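Take the first sequence: its position 572, counting from 1, is numbered 574 in the numbering used here, and each next residue is one higher. Comments concern the structure below.
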Amino acid sequence: MESERRAFVSSSKDSPGLSTLSLMLTRLETLVMEAVRAAYVNEIGAEPPASFLEIRPSDRPQFGDYTSNIALLAASSTGTAPRDLGSRLAEAIRCQAKTDKNYPIDQVDVAGPGFINVFLRPAAIHEVLPAIFQSERPFGCSDLGEGKRLQVEFVSSNPTGPLTVGHGRQAVLGDVLARLYERIGYHIEREYYFNDEGRQIDLLAESLWARARQQSGHATELPEDGYQGDYLTQVATELLATLETVPETFDNTAREAFRHEAVTRMTDWIKDDLKQLGVEFDHWFSETTLHRSGEVEATLQRLKEKGGVYEKDGAQWLKAEEHGGAKDSVLIRSDGRPTYLMVDIAYHLDKHERGFERVLDIQGADHHAEQTCVKAALRLLGYPEEWLSYAVHQFVSLKEGGQVQKMSTRAGRFVTLRDLIAELGKDVVRYFMISRKPEAHLDFDLDLARAESSDNPATYIQYAFTRISSIFRKAEMLNPPKGSAEALSPLGEAEELQLIKTLDRFPQVIAHAALDFAPHALAEYGLNLSRAFHAYYDKHRILIDDAALQAARLTLLHAIRFVLGQCLEILGMDAPEEM
RNA sequence: GCGCCCGUAGCUCAGGGGACAGAGCAGCGGCCUUCUAAGCCGCCGGCCGCAGGUUCGAAUCCUGCCGGGCGUACCA
């Protein structure tokens, strides 16, 4: 199966409108395109290849603000284009700059192998700031999603135990992605799917019953393969407080009662874990409803009608391989019970019935085979390919004192999410969970996470926010100036112009982080912006005698503070006024 | 064996056709009478796993190896 990383259409190129500066540059692009074409056609007598010209923001301050790569090297070394193409283009742009006072270009240099470096007029760069304050939506938001209903399903751990550190990564990933999609105009619903019946739940119920028996002084043994974690003892203690007696045998009545107790109490436990992490769901979906409603059976019938099911060894199999699945898999066991896969397919049809225009499932890497089979089934039933996207993430290891420890629920030696949050706090946990690209393994550096200094990137970003807030307090300024482009003219320091250009990128960063399933890009951006601010703060004073310059700088800080605040909010971290 | 993901500085990772490969941590050296030093500046540190290929140009794309993780259940 192909990677789902690019499941949603990438927007960074498709939506120059997200950036004030690149919008400005559209004019330049047109001009340069025409110049290249004319020069090329004139010399060669043919149209230039489409890939010949590209204008993009330069992320290297030592070069231009924008860089045009016109493949001059190719031109000169292969003789397929005029040697002085670069100079001609530069000249054409300079001409335009002379005749048009509003032209955003300040200077054009012919540089290195095939590059023209374009420098914007500071006044053009300044225009970014008013745009930040005046945009109709909060800066950074867009309507790429056109209000479409998107369901994000994540965590979906069965209520058989507390959430682990591994679940924590998925919880943060899903929550941050949901927040990102909201910013780009999707209508989001967060769903948690849980299994509340079946063999594992029965085993949980019996384990709870056995624990309760033990707690009330009986020598009852845990069932074989039963759940052994300490949490069950706690749950049993809580339960006993509400119970007069524990039934002597685990009969059907007991099973029903203990199943209900176990599921309810464990689900509450999980909800609390998530709440401590700042994650809340709109909808908790119980697997049982699919069985009771007959949807499982109906789904099977639909698959059969499409000829996607066959019988082997007394079981019913899905012809997954024929439709792009990893391998054929059992839908109905030989004893007649549906498999998890069968129910999962029915679940996705249910999602479709509920009217979601897109569905994003976030899952760990261990579910890969399953995903290909669900996709195969949907393909078979004629659902559009892009309706369902899977976002897959790798696992988490904790690293301490240079030693990596692997998580293992079975071995009983797992670190619970709640312990981690208790030690580090929600903000640090969230930042570390999101700071790496999802498809890479995450080594959670406990030593670094414990640091309360700026070594800790989570703290570092929050401190930048705090410093700006502190300046506004000092200036007794509750409503900092928003500044017109003219009022911003004193901003001429390289650091100031660079900061503004960084701010200008923010909406594109959000779109990229959401659509390319790269929420870590936002964490990276927040860190970079903070770094740029801290350096600027150290080098240039804000509160000064020059009233005009101070006002302009306060406007810049106001914008930085806003964007940092947005970053923190999307990451689900606090934005502290004081530290 | 087959499928998916990952190999970039001592460590954790960005960058995913374009200029001399970037951060943080660790190490070394500087900077507080002025807006919070939870900060800043500098130095040190790289055959971008290996080998081919495509290209004017490859850390980036393709192929094959090597190394690590996950999956390959009538578990969920």
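C-beta atoms are modelled at their ideal positions from N, C-alpha and C, and glycine is treated no differently. Since we're looking at a predicted model, the values are computed, not measured.
What is the residue span of the beta strand (DSSP E) that residue 353 lies within? Note, residue 353: premise wrong, no beta strand (DSSP E); alpha helix (DSSP H) at 342 to 355.
For the structure I just gave you, are there three or more beta carbon pairs, one from the region 127 to 146 and one from the region 521 to 540, closer than 8 Å? no
Residue 567 in three-state terms, based on DSSP: helix
Just to confirm before moving on: does the CB-CB distance between residue 591 and residue 343 stay below 9 Å? Not covered by the structure: residue 591. The range shown for the chain is 3 to 581.
According to DSSP, is residue 405 helix, strand or coil? strand
Identify whether residue 81 lies in helix, strand or coil by the three-state DSSP scheme. Residue placement at residue 81 is poorly supported in this model, since its pLDDT is 47, which falls under 50; the coordinates are not used for a value here.
Would you mind sorting residue 363 into buried or exposed? The rule is 16 or more other CB atoms within 10 Å of its CB. buried
DSSP state of residue 107, grouped into three classes? Here DSSP, grouped into helix, strand and coil, assigns residue 107 to strand.
Measuring only the C-alpha atoms, how far is residue 557 from residue 469? Taken atom to atom, the span from the alpha-carbon of residue 557 to that of residue 469 is near 15 Å.
Evaluate residue 294 with the Cβ neighbour count: other Cβ atoms within 10 Å of its Cβ, from every protein chain shown; 16 or more gives buried, anything less gives exposed. exposed
Proximity to residue 176 [Cα-Cα], best of 338, 21, 191: 191
Buried/exposed call for residue 440, threshold 16 Cβ in 10 Å: Under this definition residue 440 is a buried residue.
Let me know if residue 316 comes out buried or exposed under the rule of 16 or more other beta-carbons within 10 Å of its beta-carbon. Exposed, since its Cβ has fewer than 16 Cβ neighbours within 10 Å.
State the beta-bridge partners of residue 314 as determined by DSSP. Per DSSP, 317.
Measure the C-alpha to C-alpha separation of residue 564 and residue 239 and round it to an integer number of angstroms. Looking at the two C-alpha atoms, the distance is approximately 48 Å.
Quick check: the Cα distance between residue 569 and residue 467, rounded to an integer number of angstroms? 10 Å
Taking Cβ positions, are residue 390 and residue 305 nearer each other than 9 Å? no
Tell me whether residue 170 is buried or exposed, calling it buried when 16 or more other Cβ atoms sit within 10 Å of its Cβ. buried
Per DSSP, what are the beta-bridge partners of residue 184 in this structure? Per DSSP, none; premise fails for residue 184.
Close beta carbons around residue 551, own chain, < 7 Å, minus the five adjacent residues each side: 492
Supposed contact pair residue 161 and residue 237 - C-beta distance, whole angstroms, cut 8 Å: So it is not a contact: roughly 11 Å between Cβ atoms.
Minimum length 4: unbroken alpha helix (DSSP H) runs contained in the region 226 to 272: 232 to 242
Simplified DSSP assignment, three categories, for residue 129: Three-state DSSP puts residue 129 in coil, outside helix and strand.
Spatial neighbours of residue 224 within its chain, please: CB distance less than 7 Å, with the 5 preceding and 5 following residues excluded, ordered by chain position. Excluding residues within five positions, the ones whose Cβ falls inside 7 Å are 209, 212, 230.
Tell me, which residues are paired with residue 389 by DSSP? DSSP lists no partner for residue 389.
Starting from residue 522, trace the alpha helix (DSSP H) in both directions and tell me its first and last residue. 522 to 541
So for residue 580, helix, strand or coil by DSSP? coil
Cβ neighbour criterion (16 or more within 10 Å) applied to residue 275: buried
Within 9 Å, strictly: CB atoms of residue 525 and residue 433: yes
Please report how far the alpha carbon of residue 346 lies from the alpha carbon of residue 286, in whole angstroms. 15 Å
Please report the straight-line C-alpha distance between residue 66 and residue 495, rounded to a whole angstrom. 15 Å
Where the beta strand (DSSP E) through residue 447 begins and ends: 444 to 447
Put residue 366 into one of helix, strand or coil per three-state DSSP. In the structure shown, residue 366 sits in a strand (DSSP, three-state: E or B).
On the DSSP bridge list, what partners appear for residue 189? Bridge partners of residue 189: 151.
Ignore the nearest five residues each way along the sequence and tell me which others in residue 560's own chain have a CB closer than 6 Å to its CB. The residues are 482.
Can you tell me whether residue 101 is buried or exposed? The criterion is at least 16 other CB atoms within 10 Å of its CB, across all chains shown. exposed
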